[in-house]
Amino acid sequence: MAWVNGLQDVVAAGTELSEVNGEVGKLSYRGRDVGDLVGKFDYEDVAHLLWFGELPSEPQKQSLNELFFSGRQAANEVFDVIDNLPAAVDAMNAAAIGLLCMRAPSGDESDASAAAWYTAAFPVLLLRHYANQHGLLKPRPDIHAGHVATYLYLLRGGIMPTTEEVQALEAYMVLTMEHSLNASAFAGRVAASTRANTARALVAALMTMTGPLHGGAPSLVLDMFDAIGSLSRADEWLEGELSMGRRLMGFGHRVYRTVDPRAQVLHTIAAKSLAGQDSLVLAEGVERRAVKLLAAAKPGRQLHPNVEYWAACVLRSLDIPRSLLTATFAASRMAGWSAHILEQRRCDKLIRPQAVYVAAP
Ligand code: CMC
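Numbering of the sequence shown is given in the working numbering, commencing with residue 559 and proceeding in unit increments.
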């Protein structure tokens, strides 16, 4: 019996949530091109589309806002847990602990209210721990603002972000909310298939995202810019990395064989917010050179910038700290993961593939 390393090209589920066309570089959520959602709908609208299959009507949006509000309140109830964690605990781990300590929302596990509840709670827990780690102000999370504005408000110790800042982060969060059967969504679905509850399945997804081959790349992209320093050193540095067999962070993708459509939109946003700044010149120059060098080093592989490359630049322009880049990605992906968990529950079949025993040589 043969097996496929990394399950590459193996179809392991059917999903109504999103479609990734890696050949032409297209991503849609429930049949809607993601580029058409950005700028027109907020995070909660698009989460509603994923969870319920349609954009919300006015009353539906109001109910959803109430659910987000109560999710934030529920996070409040476990602040004593968060406040007693050592500062050395990573913020994403702290938020995961908080999720596992929260009381479960009322309603059954197959209903989307748990999805909204935990999606709203995650940033509150995350940013509470971040504030504890850095001795920052800890504003109360019970404000009547959108999910994305609340994120920046909590991060900045109670200072409301500008409309432009909310628009930039909202675009990022809508673009990265869902991406079919990526490693973390798969982990969440495996956990849900055992009938583990929503909080536990979300934590399985969360922890899977932390690796550098998945959600851990953006801070490494910024480290790369720092190491290169100036464009005149880019070729030498990039060639050096490739000659040592290292991977260039923010390039390549398991599914896209062309430019990642999310990277294109984020590049446009970064170009606007970083206009005239050296960091934009460096990012655009490194991108051009890296694509050229990767084409020469890996002929036939089609290695282009992925979402993480330009996400790192957009998040930096919003002063999101480097240590929170993966966690911010996770905050946006909560809606997608929970939608997968709900979808998996409806199929109600334990995910349990086979392995072939191979005797040690
Ligand atoms: N730099 C240098 N070489 C690369 C890169 C890269 N960024 N990406 C792939 N390759 C090479 C790899 O070394 C391998 O070469 P060879 O065949 O000679 O051994 C070949 O391309 C195929 O690599 P692979 O790991 O089998 O391909 P994959 O499709 O499984 O990899 C990937 C996908 C994202 C893990 C990979 O492109 C990578 O490691 N990129 C850098 C890390 C990164 O940017 N991660 C964020 C991913 S996007 C966000 C997300 O989906 O979560």
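For every residue, glycine included, the Cβ atom is placed at its ideal position computed from N, Cα and C.
Using only the alpha-carbon positions, how far apart do residue i and residue j sit?
{"i": "Ser668", "j": "His606", "result": "15 Å"}
{"i": "Asn690", "j": "Pro919", "result": "51 Å"}
{"i": "Ala854", "j": "Ser801", "result": "12 Å"}
{"i": "Ala975", "j": "Met650", "result": "An answer regarding residue 975 cannot be provided, because it is not within the stretch 559 to 919 covered by the chain."}
{"i": "Val562", "j": "Asp638", "result": "46 Å"}
{"i": "Asp877", "j": "Leu575", "result": "31 Å"}
{"i": "Ala678", "j": "Ala762", "result": "18 Å"}
{"i": "Leu727", "j": "Leu608", "result": "19 Å"}
{"i": "Leu900", "j": "Val839", "result": "43 Å"}
{"i": "Leu760", "j": "Asn623", "result": "21 Å"}
{"i": "Arg859", "j": "Gly716", "result": "46 Å"}
{"i": "Leu789", "j": "Lys850", "result": "15 Å"}
{"i": "Gly611", "j": "Ala833", "result": "38 Å"}
{"i": "Lys856", "j": "Gly803", "result": "11 Å"}
{"i": "Tyr601", "j": "His705", "result": "7 Å"}
{"i": "Pro663", "j": "Leu796", "result": "49 Å"}
{"i": "Leu595", "j": "Thr826", "result": "15 Å"}
{"i": "Tyr709", "j": "Glu722", "result": "14 Å"}
{"i": "Val914", "j": "Ala560", "result": "8 Å"}
{"i": "Arg758", "j": "Pro697", "result": "27 Å"}
{"i": "Asp781", "j": "Gly843", "result": "16 Å"}
{"i": "Phe599", "j": "Ala729", "result": "9 Å"}
{"i": "Ser671", "j": "Gly769", "result": "29 Å"}
{"i": "Ala741", "j": "Glu799", "result": "26 Å"}
{"i": "Glu845", "j": "Leu585", "result": "22 Å"}
{"i": "Arg812", "j": "Val779", "result": "18 Å"}
{"i": "Leu733", "j": "Met765", "result": "21 Å"}
{"i": "Arg820", "j": "Ser831", "result": "17 Å"}
{"i": "Gly589", "j": "Glu577", "result": "8 Å"}
{"i": "Gly593", "j": "Tyr676", "result": "26 Å"}
{"i": "Ser875", "j": "Ala749", "result": "36 Å"}
{"i": "Asn634", "j": "Pro699", "result": "8 Å"}
{"i": "Arg910", "j": "Ala917", "result": "22 Å"}
{"i": "Arg686", "j": "Phe680", "result": "10 Å"}
{"i": "Ala754", "j": "Ala848", "result": "43 Å"}
{"i": "Ala897", "j": "Ala841", "result": "34 Å"}
{"i": "Leu712", "j": "Leu852", "result": "40 Å"}
{"i": "Thr816", "j": "Asp591", "result": "17 Å"}
{"i": "Ser628", "j": "Gln618", "result": "15 Å"}
What does the Cβ neighbour count give for residue i, buried or exposed, with the cut at 16 atoms within 10 Å?
{"i": "Trp895", "result": "buried"}
{"i": "Gln620", "result": "exposed"}
{"i": "Thr752", "result": "exposed"}
{"i": "Glu616", "result": "exposed"}
{"i": "Ala653", "result": "buried"}
{"i": "Cys905", "result": "exposed"}
{"i": "Pro719", "result": "buried"}
{"i": "His692", "result": "exposed"}
{"i": "Glu736", "result": "buried"}
{"i": "Val636", "result": "buried"}
{"i": "Gly583", "result": "buried"}
{"i": "Leu695", "result": "exposed"}
{"i": "Glu794", "result": "exposed"}
{"i": "Pro644", "result": "exposed"}
{"i": "Asp641", "result": "exposed"}
{"i": "Asp567", "result": "exposed"}
{"i": "Lys828", "result": "What sits at residue 828 in the sequence shown is Ala, not Lys. So Ala828 ends up on the buried side."}
{"i": "Gly787", "result": "exposed"}
{"i": "Ala785", "result": "exposed"}
{"i": "Pro614", "result": "buried"}
{"i": "Leu908", "result": "exposed"}
{"i": "Gln912", "result": "exposed"}
{"i": "Gln835", "result": "exposed"}
{"i": "Ala674", "result": "buried"}
{"i": "Arg630", "result": "buried"}
{"i": "Ala743", "result": "buried"}
{"i": "Val569", "result": "exposed"}
{"i": "Leu771", "result": "exposed"}
{"i": "Arg791", "result": "exposed"}
Which one or two residues does DSSP pair with residue i in a beta bridge?
{"i": "Glu577", "result": "Ser586"}
{"i": "Asp591", "result": "Ser586"}
{"i": "Pro644", "result": "According to DSSP, which records beta bridges pairwise, Pro644 is partnered with nothing at all."}
{"i": "Phe809", "result": "Pro863"}
Could you pull out every unbroken alpha helix (DSSP H) segment of at least 4 residues lying fully inside the stretch 743-795, listed in chain order? 756-767, 775-786
Would you say the stretch 789-808 touches the stretch 860-875, given that touching needs at least three Cβ pairs under 8 Å? yes
Would you say the stretch 763-777 touches the stretch 867-887, given that touching needs at least three Cβ pairs under 8 Å? yes
With a floor of 4 residues, list each alpha helix (DSSP H) that falls wholly inside the stretch 705-738, ordered by position along the chain. 705-713, 721-733
Residue ranges of each alpha helix (DSSP H) within the stretch 825-883, 4 or longer: DSSP assignment within the stretch 825-883 yields the following whole alpha helix (DSSP H) runs of 4 residues or more, N-terminal first: 836-855, 865-875.
Every unbroken alpha helix (DSSP H) inside the stretch 598-637 [4 residues or more]: 601-610, 616-634
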